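So the sequence lines, in the order shown, correspond to chains G and F. For the first sequence, numbering that gives the first Met the number 0 gives the first residue as 0, with consecutive numbering after it. For the second sequence, numbering that gives the first Met the number 0 gives the first residue as 0, with consecutive numbering after it. A virtual CB, placed ideally from N, CA and C, is assigned to each residue, including glycine. Note that the coordinates shown come from a computational prediction; the quantities given were computed from them, not determined experimentally.
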Amino acid sequence: MTAPAAWPLRMPSIGYRLLGVAALCLALALATDAFLTLPNLLNVMRQASLTFLIASGLTLVIVTAGLDLSIGANLGLSACFAAAVIQASGSVLLGAAVGLASGIVIGVMNGVMVTWLGLPPFIATFGMLWMVYGVNYWYMAGTTIYDFPQGFRNLGSGDALGVPVPVYLMAASMLVGGLFTRYTTWGHDIYAIGANREAARLSGIPIRSRLMLVYTLSGAMAGLSGIVYLARLNSAEAGMGDPLLLPAIAAVLIGGTSLFGGIGTLSGTFVGALILTLTLNGMNLLTIDTNWQPLVMGVIVLLAAWLDASTRRRAEARA
Amino acid sequence: MSRAAVLEGGARWRAAASRAPGVAYLLAALLVFFALFGPRFASAPNLLNIGIQSSILLLLALPMTLIIMAEGLDLSMGAVLGLAGIVLASALVAGYGLPAALGAALAVGLVFGVANGLLVTRVGLPPFAATLGTLGAAQGGALVATGGQSVVGIGPSLPALYASSWLGIPFSIWVAVAAYGAFHVLLYHTRFGACVFAIGGNRDALALAGVRVHAYHAAIYALGGLMAGFAALLLTGRMNAGHPTAAIGMEFDAIAAVIVGGTRFERGYGGLPGTVLGVLAVGVLKNGLNVLAVPSSLQVASIGLLLIAALLVDSIRGRS
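Given below as structure tokens:
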């Protein structure tokens, strides 16, 4: 099946990045025996899938040349709400629904600020990050909610047919998201807005409603990730989402989505999440001090941004 | 739009002054509110305390104003401040004098600032990505160098300096005042300052006018790094130690203060007087809520609210 005509947009080359994954795997397989074991590889897939789930909504936001800095805090609040409801009512479904709803509400508020109030995405979602963070710390008041039913925990830490459950969630959202961005008009609108907002407006694309959709999706994915993280950790505390924002942004950038907008794919973000997870996993297996992790992550982000900027410059030189 | 008029010193100053009132009203309202409802808020020691708490933030917010006016961003400032603090404290522990230690901290800051500037101007990275990368590098550097531990035993010279005061005003407030004066002259009375406005306004026109835009643009980031290094003096003096994670997130406070103060990411919009008011608004809000015994978590939330409220007021004023 060929893509519709409205798909001429330049996409990041997955090839180089898959080569990077292969090189990382080869290096780790040679460096340590612990890497090429089934449990470790499944563990890498599980972790990369979780990172992808947080970063997936953000990918679409960044494709519109926007930004959502509130996803980490959003994830934390959704997980804490879900945890509180599950403990109070005993109903996993109700808890998950509340967690997801909390994520969606925050996403809608971001969307309203960015579209109807016209606030710059960086600042609007940055203010939201602090509000959500503060509300969550106040709500939890330093407590931890832990110990959930085994059935719920399987969502994050269980396996089905030998494959971690988050991997199915990742595959499902990548499939749906990929079909949406590639084969629907709305999906194409998102790229058009990011590539040239004025041109998109002049061609009659309803920019506000598309941006609303994207920020709402980002909030919803943060809420969903919050539930899966809760299931994985089997405990909820106010700060649980805070360390997850920067890796999510890094995964999106490594995956070739451009901060300039208009370019990026969900599959790229998964490869980005994989590269990030493999690097951190490798550092763990090689028992490298965790203090090195921010430095390594920073260097990876710079490399990814440099790759983006240089391919963009080459494309402009050809044009 | 006539850029020449904007480049005119007086017009720039008037433009900045006409933008200041929004946050000035906000600050006045906060002061009145807390004076009425906060016991001991409106006492001289507490007001001095707000000044002391705000001084480090001002040192970061001043260069951040210039960076944001130039349509940029520096996320690495807090991490660079932390690393510079480690270097400063380590140099003092190793027995070097305060001037040498401060010089080392400034050098660290300058190296990161220049790196940010080159990444943004020469390599062409978006400021968000470039400074996110150097944030990781600086934070990682501080953690690796210390193994995550505090650097203690810095001797009496820096704490004594920090605790000193002149004419009843504490040292850190004098430092903040001096820094403001220097930045005011730099932005409003020098060629460099004119270029800051023009880079945010229309950098292509500036390049066509024969100005070395890249050099000036990179210098703005270098200044940011330098000030982060300088702020290590106050941070280390206040904590009597160097800690690798002490300043994490401080760049976010600085960005919030700058935005609340009326500076925007576009068209060279903004000014330093607004930033001072923005820093004070953040400081007064934190201190006042503290006096009212509001949990610190809700203080954090209120700053997010302040940020969005300031933007909303601004966009409503702009539309009418």
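Are the Cβ atoms of A123(G) and V113(G) separated by less than 7 Å?
Cβ atoms of A123(G) and V113(G): closer than 7 Å.
Just to confirm the assignment, what range does the alpha helix (DSSP H) spanning H187(G) have?
Counting along the chain, the alpha helix (DSSP H) containing H187(G) begins and ends at 184 to 194.
What number of angstroms, rounded off, separates the C-alpha of G261(G) from the C-alpha of A64(G)?
So the alpha carbons of these two residues sit roughly 7 Å apart.
Anything in chain G within Cβ reach of S149(F), meaning under 7 Å, just list it in chain order.
Residues of chain G passing the Cβ test: none, with the nearest at roughly 14 Å.
Taking G323(F) as the reference, give the member of A41(F), G241(F), F182(F) with the closest Cα.
Only positions 0 to 319 of chain F appear in the structure, and residue 323(F) is not among them; the question remains open.
Is I226(G) helix, strand or coil when you go by DSSP?
Reduced to three states, the DSSP call for I226(G) is helix.
Within the segment 19 to 98 of chain F, note down every full beta strand (DSSP E) run reaching 3 residues or more, in order along the chain.
Segments of the beta strand (DSSP E) lying fully in the segment 19 to 98 of chain F: there are none.
Exposed or buried, F170(F), counting other C-beta atoms within 10 Å across all chains shown (16 or more means buried)?
By the neighbour-count rule (16 or more Cβ atoms within 10 Å), F170(F) is buried.
I want to verify the contact list: residues of chain F whose CB lies under 9 Å from the CB of I248(G), in sequence order.
Result: F127, A128, L131.
Would you kindly work out how many angstroms separate the C-alpha atoms of W6(G) and L210(G), rounded to a whole number?
The predicted model places W6(G) with a pLDDT of 44, which falls under 50 and marks its position as unreliable; any figure quoted below should be read in that light. Taking the straight line joining both Cα atoms gives about 19 Å.
Is it true that the CB of M139(G) sits closer than 7 Å to the CB of S69(G)?
No, Cβ-Cβ distance for S69(G) and M139(G) is not below 7 Å.
Going along the chain, which residues of the segment 286 to 313 of chain G sit with their C-beta nearer than 9 Å to a C-beta in chain F?
The residues in question are D288, T289, N290, W291, Q292, P293, L294, V295, M296, G297, V298, I299, V300, L301, L302, A303, A304, W305, D307, A308, S309, R311, R312.
Could you name the residues of the same chain whose beta carbon sits closer than 8 Å to that of L275(G), not counting the 5 residues immediately before and after it, in chain order?
Excluding residues within five positions, the ones whose Cβ falls inside 8 Å are A47, T50, P246, A249, A250, I253, M296, I299.
I'd like to know if V212(F) contacts chain G, where contact means its C-beta is closer than 7 Å to some C-beta of that chain.
No, V212(F) lies away from the interface with chain G (no Cβ there is under 7 Å from its Cβ).
F264(F) touches chain G at which residues, Cβ-Cβ below 9 Å?
Correct list: P119, F121, I122.
Considering I153(F), what are the terminal residues of the alpha helix (DSSP H) in which it resides?
Counting along the chain, I153(F) falls outside any alpha helix (DSSP H), and DSSP gives it neither H nor E.
Could you check the C-alpha separation between R263(F) and S314(F) for me, to the nearest Å?
C-alpha separation (whole angstroms): 11 Å.
Measure from the C-beta of M239(G) to each C-beta in chain F and report whether the shortest distance is under 7 Å.
False, the Cβ-Cβ gap to chain F never drops below 7 Å.
Whole angstroms are fine: how far does the CA of S208(G) sit from the CA of T288(G)?
A quick correction: the sequence has Asp, not Thr, at residue 288(G). Taking the straight line from one Cα to the other gives about 46 Å.
When you compare the CB positions of G108(F) and L225(F), do they come within less than 7 Å of one another, or not?
Closer than 7 Å, so yes.
Return the first residue and the last residue of the alpha helix (DSSP H) that V293(F) is part of.
Premise fails: V293(F) is in no alpha helix (DSSP H) and is neither H nor E.
Check whether the Cβ of I302(F) lies closer than 7 Å to any Cβ atom in chain G.
It does; some Cβ of chain G falls within 7 Å.
Is the Cβ-Cβ distance between V259(F) and V86(F) less than 7 Å?
No, the Cβ-Cβ distance between V259(F) and V86(F) is not below 7 Å.
Going by DSSP, what residue range makes up the alpha helix (DSSP H) through A284(G)?
Reading off the sequence, residue 284(G) comes out as Leu, not Ala. Element bounds for L284(G): 265 to 284.
For P243(F), which three-state DSSP category applies?
Three-state DSSP puts P243(F) in coil, outside helix and strand.
Using a cut-off of 9 Å between C-beta atoms, extract the partners of Y132(G) located in chain F.
Correct list: S296, V299, A300, G303.
List, in order along the chain, the chain G residues whose C-beta lies closer than 9 Å to that of G277(F)?
Near G277(F) there are no residues of chain G at all, since even the closest Cβ is about 13 Å away, more than 9 Å.
Could you check what DSSP says for S90(G) in three-state terms: helix, strand or coil?
Correct three-state label for S90(G): coil.
Go through the segment 156 to 192 of chain F residue by residue and report every complete run of the beta strand (DSSP E) that reaches 3 residues or more, in order.
Qualifying beta strand (DSSP E) stretches: none in this window.
Would you kindly work out how many angstroms separate the C-alpha atoms of F36(F) and L291(F), rounded to a whole number?
Straight-line Cα distance between these residues: approximately 8 Å.
My understanding is that M239(G) touches A78(G), with C-beta atoms under 8 Å, so please give their C-beta distance in whole angstroms.
Indeed they touch by this definition, with Cβ atoms about 6 Å apart.
Name, please, each residue of chain G whose Cβ falls closer than 8 Å to the Cβ of I258(F).
Per Cβ cutoff of 8 Å: I122.
Quickly, what does DSSP pair D158(G) with across the bridge? List them, please.
Partner(s): P163(G).
Can you grab the Cα-Cα spacing for the pair G89(G) / T244(F), in whole Å?
Approximately 39 Å between the Cα atoms of the pair.
Verify the CB distance criterion: does Y214(G) have a CB-CB separation below 7 Å to chain F?
It does not; no Cβ of chain F falls within 7 Å.
What is the rounded straight-line gap between the Cα of L265(G) and the Cα of A144(F)?
Taking the straight line from one Cα to the other gives about 37 Å.
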